[in-house]
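Undergrad: My questions all concern the structure below.
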Amino acid sequence: MGLSSREVTRVARWRRVPSPKFASATQYGTLLILLTVWFLGLDEDFRESRIECIVSVPELANQLGQDTEKIPYKDQSWLGFKTRSRDGTLSRHSFINLKELSFNYKIAVKPPGETWRGMWQQNDIVAKILNVREVKPRVVRDFNDEYPRLRIFSHPNVLPVIGCCCQPPTLIVINQYMPYGSLYTVLHESTGIVVDTAQALKFAIDICKGMAYLHTLEPYIERLYLSSKHIMIDDDLTARINMADAKFSFQEKGKMYDPAWMSPEALQKKQDETNVKASDMWSYAMILWELATREVPFADLSPMQTGMKIALEGLRVTIPLGISQHMSRLIHICMNEDPGKRPSFEMILPILDKMKE
24 MGLSSREVTR VARWRRVPSP KFASATQYGT LLILLTVWFL GLDEDFRESR
74 IECIVSVPEL ANQLGQDTEK IPYKDQSWLG FKTRSRDGTL SRHSFINLKE
124 LSFNYKIAVK PPGETWRGMW QQNDIVAKIL NVREVKPRVV RDFNDEYPRL
174 RIFSHPNVLP VIGCCCQPPT LIVINQYMPY GSLYTVLHES TGIVVDTAQA
224 LKFAIDICKG MAYLHTLEPY IERLYLSSKH IMIDDDLTAR INMADAKFSF
274 QEKGKMYDPA WMSPEALQKK QDETNVKASD MWSYAMILWE LATREVPFAD
324 LSPMQTGMKI ALEGLRVTIP LGISQHMSRL IHICMNEDPG KRPSFEMILP
374 ILDKMKE
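This is the structure we're talking about:
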């Protein structure tokens, strides 16, 4: 097969283009032969298109009468989803000016701080004003470093911190308002919500999924103490772990305000000497007991008495006979006295799903 005059001209032009240096003329000639053979092996129409129809994309668009003006990207993936629309909006904010917040009324006053119901940009919010003795520069630095890890928008069973206000001496953590309050409120106060066996199991599964996700995070958020008071209930009766209840490193250490849900080793040892994830499983077992019995653990004792008796006298909850055998067995497994023998949340999730069937 011979070359047409047109193709010979093209090859000749190619040879006049400055080329990289080769070790010898033989290598240069070999490369030229290989390229010629490859070129002849192509389809005639394809060769013509490769040579004559190379047009830049903008030029081709102009020839077709298309608009080449750049359109800025706008994320609308969350449209049409009730929960995601709210999260999708709030997740874009971080630092919030104190002047943008309006406080309606005080919800609670606890040693870690005051909790207020309020509004921010037409969103119902809960603002926790941290109780810090002295807001030093180190405290401000730690606050700004630690709070972003609480802004977890990627799991439906985790209630994220949507932002913070850092205007010393005021430190505020802000999250969404949950209409039904905490799981503790739903179970033990008059809210009008019927928590039957199916709903209780759904709450248990929601909490298990949320904790299983949190346990995958590195580094793990160690100062999140699990109890029914730190589980919020959304308007669709979804249980969500409240990240705003996690303690900061500069807050009082060693103070346990809800010892009834804490493991014995967590009450006996320092935090860095305990298996935090195993302690979370004990706390989860207490929530399972709470869901099954509808009772407050150790309600007849003060928090101090409860903590002392659990840590030093072996005080434990008793499982009444009316609880199902499967739930009773699961509570016993999760409350194993040996922290190393307690299961993980991923391990018990299939068991809970099976109980739902």
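Everything in the sequence shown is counted per my numbering, starting at 24 for the first residue and increasing by one.
Glycine is no exception: its CB is placed at the ideal position from the N, C-alpha and C atoms.
The model shown is predicted, which means the values in this text are computed figures rather than measured ones.
Contact defined as beta carbons within less than 8 angstroms: I believe residue 314 pairs with residue 226. What is the distance between those atoms, to the nearest angstrom?
TA: Start at 1 with the first residue of the sequence shown, and residue 314 comes out as number 291. Start at 1 with the first residue of the sequence shown, and residue 226 comes out as number 203. Indeed, because the Cβ distance is near 6 angstroms, the residues count as touching under 8 angstroms.
Undergrad: Is the separation between the beta-carbon of residue 188 and that of residue 121 shorter than 8 angstroms?
TA: Start at 1 with the first residue of the sequence shown, and residue 188 comes out as number 165. Start at 1 with the first residue of the sequence shown, and residue 121 comes out as number 98. Cβ distance < 8 angstroms, so residue 188 and residue 121 count as in contact.
Undergrad: Taking C-beta to C-beta, are residue 304 and residue 242 nearer than 8 angstroms?
TA: Here the question's residue 304 lines up with position 281 in the sequence shown. Here the question's residue 242 lines up with position 219 in the sequence shown. No. Outside cutoff.
Undergrad: Between 270, 140 and 124, which lies nearest to residue 130 when the distance is taken from Cα to Cα?
TA: Position 107 of the sequence shown, counting from 1, holds the residue named residue 130. Taking only the C-alpha atoms, the option nearest residue 130 is 140.
Undergrad: Could you tell me the distance, in whole angstroms, from the CA atom of residue 368 to the CA atom of residue 342?
TA: Position 345 of the sequence shown, counting from 1, holds the residue named residue 368. Position 319 of the sequence shown, counting from 1, holds the residue named residue 342. Distance between the alpha carbons of residue 368 and residue 342 is about 21 angstroms.
Undergrad: In chain order, what residues of the same chain lie with their CB nearer than 6 angstroms to the CB of residue 12, ignoring the 5 residues before and after it?
TA: An answer regarding residue 12 cannot be provided, because it is not within the stretch 24 to 380 covered by the chain.
Undergrad: Mind the definition here: the segment 246 to 259 touches the segment 196 to 209 only if three or more C-beta pairs lie below 8 angstroms; say whether that holds.
TA: yes
Undergrad: So residue 263 and residue 146 are supposed to be a Cβ contact under 8 angstroms. How far apart are they, rounded?
TA: Stepping through the sequence shown from its first residue, residue 263 is reached at position 240. Stepping through the sequence shown from its first residue, residue 146 is reached at position 123. Not a contact, Cβ separation roughly 16 angstroms.
Undergrad: Going by CA-CA distance only, name the one from 285, 136, 170 and 159 that's closest to residue 118.
TA: Numbered from 1 along the sequence shown, position 95 holds the residue referred to as residue 118. Checked all of 285, 136, 170 and 159; the closest Cα to residue 118 is 170.
Undergrad: Exposed or buried, which one is residue 361 when buried takes at least 16 other CB atoms within 10 Å?
TA: Locating residue 361 in the sequence shown gives position 338, counting from the first residue. The residue is exposed, with fewer than 16 neighbouring Cβ atoms inside 10 Å.
Undergrad: Less than 8 angstroms between the CB atoms is what I'm expecting for residue 333 and residue 230, so what's the real figure, rounded?
TA: If you number the sequence shown from 1, residue 333 lands on position 310. If you number the sequence shown from 1, residue 230 lands on position 207. With a Cβ gap of about 21 angstroms, residue 333 and residue 230 do not count as contacting.
Undergrad: With a 10 Å radius around its C-beta and 16 neighbouring C-beta atoms as the bar for buried, classify residue 248 as buried or exposed.
TA: Walking along the sequence shown from the start, residue 248 turns up at place 225. Buried, because 16 or more other Cβ atoms sit within 10 Å of the Cβ of residue 248.
Undergrad: Check residue 309 in the structure and name its three-state DSSP category.
TA: On the sequence shown, residue 309 is found 286 positions in, with the first residue counted as 1. DSSP places residue 309 in helix when its eight states are reduced to three.
Undergrad: Please state whether the Cβ-Cβ distance between residue 267 and residue 154 is less than 8 angstroms.
TA: Here the question's residue 267 lines up with position 244 in the sequence shown. Here the question's residue 154 lines up with position 131 in the sequence shown. No, the Cβ-Cβ distance between residue 267 and residue 154 is not below 8 angstroms.
Undergrad: Threshold first: 3 residues or longer. Then list the beta strand (DSSP E) segments lying entirely within the segment 276 to 334, N to C.
TA: none
Undergrad: Pick out whichever of 152, 125 and 142 has its Cα sitting closest to the Cα of residue 133.
TA: Indexing the sequence shown from 1 puts residue 133 at position 110. When only C-alpha atoms are compared, the closest one is 152.
Undergrad: Take residue 276 as the anchor and find which of 125, 331, 135 and 344 has the nearest alpha-carbon.
TA: The residue labelled residue 276 in the question sits at position 253 within the sequence shown. Measuring from the Cα of residue 276, the nearest candidate turns out to be 135.
Undergrad: Excluding sequence positions up to five away, which residues of its chain have a Cβ less than 7 angstroms from the Cβ of residue 287?
TA: By 1-based counting over the sequence shown, the position of residue 287 is 264. Once the five neighbours on either side are set aside, the close Cβ partners of residue 287 are 333 and 334.
Undergrad: Quick check: residue 378 and residue 349, are their CB atoms within less than 8 angstroms of each other?
TA: Position 355 of the sequence shown, counting from 1, holds the residue named residue 378. Position 326 of the sequence shown, counting from 1, holds the residue named residue 349. Their beta carbons are under 8 angstroms apart, which means residue 378 touches residue 349 by this criterion.
Undergrad: Please state whether DSSP places residue 365 in a helix, a strand or coil.
TA: Position 342 of the sequence shown holds residue 365. Three-state result, residue 365: coil.
Undergrad: What first and last residue would you give for the beta strand (DSSP E) that runs through residue 194?
TA: The residue given as residue 194 occupies position 171 in the sequence shown. Its beta strand (DSSP E) spans residues 193 to 199.
Undergrad: Rounded to whole angstroms, what's the CA-CA distance from residue 223 to residue 237? Just pull it up for me.
TA: Along the sequence shown, one-based indexing puts residue 223 at 200. Along the sequence shown, one-based indexing puts residue 237 at 214. Cα-Cα distance, rounded: 21 angstroms.
Undergrad: What number of angstroms, rounded off, separates the C-alpha of residue 324 from the C-alpha of residue 271?
TA: Position 301 of the sequence shown, counted from the first residue, corresponds to residue 324. Position 248 of the sequence shown, counted from the first residue, corresponds to residue 271. Straight-line Cα distance between these residues: approximately 28 angstroms.
Undergrad: Residues in its own chain within less than 8 angstroms of residue 302 by CB, not counting five upstream and five downstream?
TA: The residue labelled residue 302 in the question sits at position 279 within the sequence shown. So the list reads 285, 286, 288, 289 and 362, once near-sequence residues are dropped.
Undergrad: Along the chain, which unbroken stretches of the beta strand (DSSP E) at least 3 residues long are found entirely within the segment 172 to 258?
TA: Entirely contained in the segment 172 to 258, the beta strand (DSSP E) runs reaching 3 residues are, in chain order, 184 to 190, 193 to 199 and 254 to 256.
Undergrad: Answer with buried or exposed for residue 337, where buried requires no fewer than 16 other C-beta atoms within 10 angstroms of its C-beta.
TA: What you label residue 337 is simply residue 314 of the sequence shown in a count that begins at 1. Exposed.
Undergrad: Give the DSSP bridge partners of residue 152, in chain order.
TA: Position 129 of the sequence shown, counting from 1, holds the residue named residue 152. Looking at the DSSP assignment, residue 152 forms a beta bridge with 137 and 195.
Undergrad: Roughly how many angstroms lie between the CA atoms of residue 380 and residue 175, to the nearest whole one?
TA: As a first step, residue 380 must be located in the sequence shown, where it is residue number 357. As a first step, residue 175 must be located in the sequence shown, where it is residue number 152. Roughly 30 angstroms between the two C-alpha positions.
Undergrad: Between residue 233 and residue 306, what straight-line distance do the alpha-carbon atoms span, to the nearest angstrom?
TA: Indexing the sequence shown from 1 puts residue 233 at position 210. Indexing the sequence shown from 1 puts residue 306 at position 283. If I take the Cα positions, the gap works out to 14 angstroms.
Undergrad: Out of curiosity, what's the CA-to-CA distance linking residue 173 and residue 86?
TA: Numbered from 1 along the sequence shown, position 150 holds the residue referred to as residue 173. Numbered from 1 along the sequence shown, position 63 holds the residue referred to as residue 86. In a straight line, the C-alpha of residue 173 is about 52 angstroms away from that of residue 86.
Undergrad: Using C-beta distances below 7 angstroms, list every residue in its chain close to residue 355, excluding the 5 sequence neighbours before and after it, in chain order.
TA: Numbered from its first residue, the sequence shown carries residue 355 at position 332. Result list for residue 355: empty, nothing under 7 angstroms.
Undergrad: How far does the alpha helix (DSSP H) with residue 354 in it reach, from first residue to last?
TA: Walking along the sequence shown from the start, residue 354 turns up at place 331. Taken as a continuous stretch (DSSP letters only), the alpha helix (DSSP H) holding residue 354 covers 348 to 357.
Undergrad: Taking just the CA atoms, how far does residue 346 sit from residue 194?
TA: By 1-based counting over the sequence shown, the position of residue 194 is 171. By 1-based counting over the sequence shown, the position of residue 346 is 323. Rounded to whole angstroms, residue 194 to residue 346 spans 44 angstroms at the Cα level.
Undergrad: Given this structure, state the Cα-to-Cα distance separating residue 177 from residue 82, to the nearest angstrom.
TA: Counting from 1 along the sequence shown, the entry for residue 177 is found at position 154. Counting from 1 along the sequence shown, the entry for residue 82 is found at position 59. Computed Cα separation, rounded: 42 angstroms.
Undergrad: Kindly give me the distance between the Cβ atoms of residue 158 and residue 183, rounded to whole angstroms, as I take these residues to be in contact under 8 angstroms.
TA: Taking the sequence shown and counting its residues from 1, one reaches residue 158 at position 135. Taking the sequence shown and counting its residues from 1, one reaches residue 183 at position 160. Not confirmed; about 24 angstroms, so no contact.
Undergrad: So, helix, strand or coil for residue 111, using DSSP?
TA: As a working note, residue 111 is residue 88 in the sequence shown. Annotation note: pLDDT 42 at residue 111 (below 50); position unreliable, no value reported.
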